[in-house]
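Below is one structure, written out as structure tokens; the observations come after it.
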Amino acid sequence: MLSKRREKCLDAIQKTGLDGVLYALGPNFQYLSESHSCLWQRNAMNTFAPISGASIIPEALLYVNKEGKSTILTIPKHKDTVNSLLNDVVVSYLDQFEDELTHIIDGKKIGIGRDCDQWIKETLSHIDPTITATDVDSLFEDIRRIKDEQEIAHMKKLAKFTDDAVMYVCKHLKPGMTMFEAERMIVDYGLQHGMQDLAFSCTCGFKTRDTENAQAIEPFENERKLVEGTMIAFDIGYMDQGYCSDWGRTVYYGTAPELVRNGYQALQAAQVYMVSKIQPGVTRFGDLYGYICDKAEELGYYQYLRFKREEEGGNGHHIGTETHEMPWLKNDVDLILQPGMIFCSEPKMFFKNEGYMRVEDMILVTENGAEILTKFPRDLFEIDFTKNI
Numbered sequence: 204m205l206s207k208r209r210e211k212c213l214d215a216i217q218k219t220g221l222d223g224v225l226y227a228l229g230p231n232f233q234y235l236s237e238s239h240s241c242l243w244q245r246n247a248m249n250t251f252a253p254i255s256g257a258s259i260i261p262e263a264l265l266y267v268n269k270e271g272k273s274t275i276l277t278i279p280k281h282k283d284t285v286n287s288l289l290n291d292v293v294v295s296y297l298d299q300f301e302d303e304l305t306h307i308i309d310g311k312k313i314g315i316g317r318d319c320d321q322w323i324k325e326t327l328s329h330i331d332p333t334i335t336a337t338d339v340d341s342l343f344e345d346i347r348r349i350k351d352e353q354e355i356a357h358m359k360k361l362a363k364f365t366d367d368a369v370m371y372v373c374k375h376l377k378p379g380m381t382m383f384e385a386e387r388m389i390v391d392y393g394l395q396h397g398m399q400d401l402a403f404s405c406t407c408g409f410k411t412r413d414t415e416n417a418q419a420i421e422p423f424e425n426e427r428k429l430v431e432g433t434m435i436a437f438d439i440g441y442m443d444q445g446y447c448s449d450w451g452r453t454v455y456y457g458t459a460p461e462l463v464r465n466g467y468q469a470l471q472a473a474q475v476y477m478v479s480k481i482q483p484g485v486t487r488f489g490d491l492y493g494y495i496c497d498k499a500e501e502l503g504y505y506q507y508l509r510f511k512r513e514e515e516g517g518n519g520h521h522i523g524t525e526t527h528e529m530p531w532l533k534n535d536v537d538l539i540l541q542p543g544m545i546f547c548s549e550p551k552m553f554f555k556n557e558g559y560m561r562v563e564d565m566i567l568v569t570e571n572g573a574e575i576l577t578k579f580p581r582d583l584f585e586i587d588f589t590k591n592i
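The following block contains the structure:
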């Protein structure tokens with residue numbers, strides 16, 4: 204019996220006129236196979252990569268034909284992490300994958316994703332030169348965008364875990380430590396608590412007031428040391444059981460100038476105000492940043508926002524099996540918010556000569572409004588550098 208998720212995906216496959224889809228290890232593999240314990244080959248799936256997976260050889264492949272028959276081809280190390288209840292599992296070695304696929308692929312029109320796509324295209328052409336490979340990396344975007352109860356429960360846990368991880372770092376900040384050492388605490392916390400991976404390259408961005416370092420938002424310097432008067436902009440995310448978190452806050456190491464302290468309060472207030480304005484079935488994604496700008500302007504801090512109303516920067520993205528799922532929260536996006544969507548809103552402010560701040564929350568659209576999944580204290584900003592919190 205097909206799961207509800209598989210039924211929706213199969214319907215999408217059939218509507219394309221394809222004979223089947225073939226995905227390497229990546230978000231679509233995880234989502235369609237429901238193999239949540241399987242660790243992805245993340246070297247082929249960076250959202251910001253200028254090129255696709257190129258000739259990387261996949262360690263596992265998922266083929267689903269238009270009748271719904273699902274087969275996973277995997278090397279031995281993944282055999283115990285893939286879902287063998289919903290999928291037939293064929294275990295082999297990389298050098299044998301092409302021969303194995305000859306007996307798995309049963310059509311001429313095959314949809315593929317961008318993970319390891321060059322290798323997949325070449326292999327399909329070797330199997331049968333008459334096979335046509337079509338890019339369907341985004342085929343399940345609409346389905347993936349609406350989370351079910353199990354997905355929501357897991358992402359709530361991930362949000363809490365990320366809250367706890369950053370609180371741990373805040374309690375263990377020490378004068379003289381480097382930015383790299385702070386970021387290493389994020390890594391170690393995840394390793395010690397069984398997280399599968401980071402969701403992206405995380406940042407504990409040090410910006411020290413009245414230094415050249417604070418003249419611009421970027422770059423951040425790995426070896427910059429923590430001293431009094433440093434603003435720390437966290438951008439943190441973990442990946443576990445096939446899902447990602449993405450989280451941002453800023454703390455100030457020492458006593459912050461009034462302008463900066465009040466600016467952080469304004470940024471937090473703007474975020475909360477935006478969430479309060481969400482009406483499922485009515486609010487456009489393109490409306491969200493306008494609410495943040497409205498509140499920042501009301502509080503006298505609009506000029507410090509990194510992006511103004513008319514600019515392209517946007518205010519965030521969807522999140523789920525990938526950190527950055529489409530579409531981005533930009534002004535021209537007409538997509539209507541629906542219950543079950545989870546997105547990240549990440550407004551930012553910059554105070555030249557002082558530093559850079561961010562607030563990023565994971566937000567669940569509910570039947571009646573929206574729920575902020577990240578619960579880190581909004582009033583935690585200044586950290587006494589002479590003692591722990």
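Take the position in the sequence shown, starting the count at 1, then add 203; the result is the number in my numbering.
Ideal placement from N, C-alpha and C gives every residue a C-beta, glycine not left out.
Keep in mind the model is a prediction, meaning the values are calculated, not measured.
1) Please state whether the Cβ-Cβ distance between I522 and D413 is less than 8 Å.
2) With DSSP run on the structure shown, which of helix, strand or coil describes F546?
3) List the residues that DSSP assigns as beta-bridge partners of I435.
4) Kindly indicate the opening and closing residues of the alpha helix (DSSP H) around V463.
5) Let me check one thing: in DSSP terms, what residues is M552 bridge-paired to?
6) Which residues in the same chain as I346 place their Cβ atom closer than 7 Å to its Cβ, once the five residues preceding and following it in sequence are excluded?
7) Would the region 478-497 count as touching the region 530-537 if we require 3 or more Cβ pairs under 8 Å?
8) Taking the C-alpha atoms as reference points, what is the distance between D309 and H396?
9) Name the DSSP bridge partner or partners of N268?
10) Thinking G445 and T524 are a contact (beta carbons under 8 Å), I'd like their distance in whole angstroms, please.
11) Give the C-beta separation of M552 and L470 to the nearest angstrom, bearing in mind that I take them to be a contact with Cβ-Cβ under 8 Å.
12) Ignoring anything shorter than 4 residues or poking outside the region 287-358, list the alpha helix (DSSP H) runs there in chain order.
13) With distances taken Cα to Cα, identify the nearest neighbour of K280 among D443, G484 and V292.
14) If you reduce the DSSP assignment to three classes, tell me which class S236 lands in.
15) What are the partner residues of R487, as DSSP defines its beta bridges?
16) Find the nearest neighbour of C407 within the set M398, Y234, D400 and L376, judged by alpha-carbon distance.
17) Using the beta-carbon count (16 or more within 10 Å), is D167 buried or exposed?
18) Name the one or two DSSP bridge partners that I566 has.
19) Where do the ends of the alpha helix (DSSP H) carrying M382 lie?
20) For L213, which three-state DSSP category applies?
21) Write down the C-beta distance between A473 and A499 rounded to the nearest angstrom, noting that I regard them as a contact closer than 8 Å.
22) Where does D443 sit, in a helix, a strand or coil, going by DSSP?
23) Here's a check: name, in chain order, each residue in its chain whose Cβ is nearer than 7 Å to the Cβ of S240, leaving out the five neighbours to either side.
24) For a test of the three-state rule: what should DSSP assign to H521, helix, strand or coil?
In terms of the structure at hand:
1) no
2) strand
3) F409 and V454
4) E461 to S479
5) L508 and M560
6) K211, C212 and A215
7) yes
8) 43 Å
9) G223
10) 6 Å
11) 5 Å
12) 300-305, 320-330 and 344-348
13) V292
14) helix
15) I539
16) L376
17) With the chain running from 204 to 592 in the structure shown, residue 167 is simply not present.
18) F546 and I575
19) M382 to Q395
20) helix
21) 5 Å
22) strand
23) T284 and Q444
24) strand
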